[in-house]
Amino acid sequence: VLRYEGNLHDACSFAMKAALSETKVPALKVVHDEETNEVSVDVCDDPYEYGVLDVSKLPLLVTVGQINGIHTVDTTIKEDSVTLA
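If you read the sequence shown in my numbering, its first letter stands for residue 274, the second for the next number, and so on.
Rendered as structure tokens:
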């Protein structure tokens, strides 16, 4: 859990992954008419037929600081003032 003084990029990264994990993509059907050589895409009207995005390998942003050779994560403002970039 990020504190209120945590890094905004880290928090946005967590929020993005959470939102994408809940995204439902409507089922699609691709139809190719061999006579006219046209391709059309039909979107399924059934709200219960959908796919989900696999976010298991989606990277997250994590800000890491270094204080006296020790790596730190989710530093406070005071800790952040002495970290190396």
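We put the CB at the ideal spot given by N, CA and C, even for glycine.
Check your understanding: What residues in its chain sit with their C-beta under 6 Å from that of V314, if we drop five residues either side in the sequence?
Key -> L301 and V303
Point to revise | Nearest-angstrom Cα separation, counted from L293 out to V325 | key: 9 Å
Practice item. Please classify T348: is it buried, with 16 or more other beta-carbons within 10 angstroms of its beta-carbon, or exposed? Key: buried
Review point. Is there at least one non-hydrogen atom of the ligand GTP closer than 6 Å to the beta-carbon of A291?
Key: Here there are no bound small molecules, and the ligand GTP is not part of this structure.
Check your understanding: Straight-line CA distance for F287 to V328?
Key -> 11 Å
Check your understanding: Which full runs of the beta strand (DSSP E) of 3+ residues lie inside the segment 301-342, going along the chain?
Key -> 301-306, 311-316, 323-325 and 337-340
Exercise for review: Kindly indicate which residue of T336, Y323, D318 and N310 has the alpha-carbon position closest to the one of K285.
Suggested key: A small fix is needed here, since residue 285 is Cys in this sequence, not Lys. The candidate whose alpha carbon is nearest that of C285 is T336.
Check your understanding: Going by Cα to Cα distance, which pick from C317, E295, N310 and P332 is closest to D283?
Key -> P332
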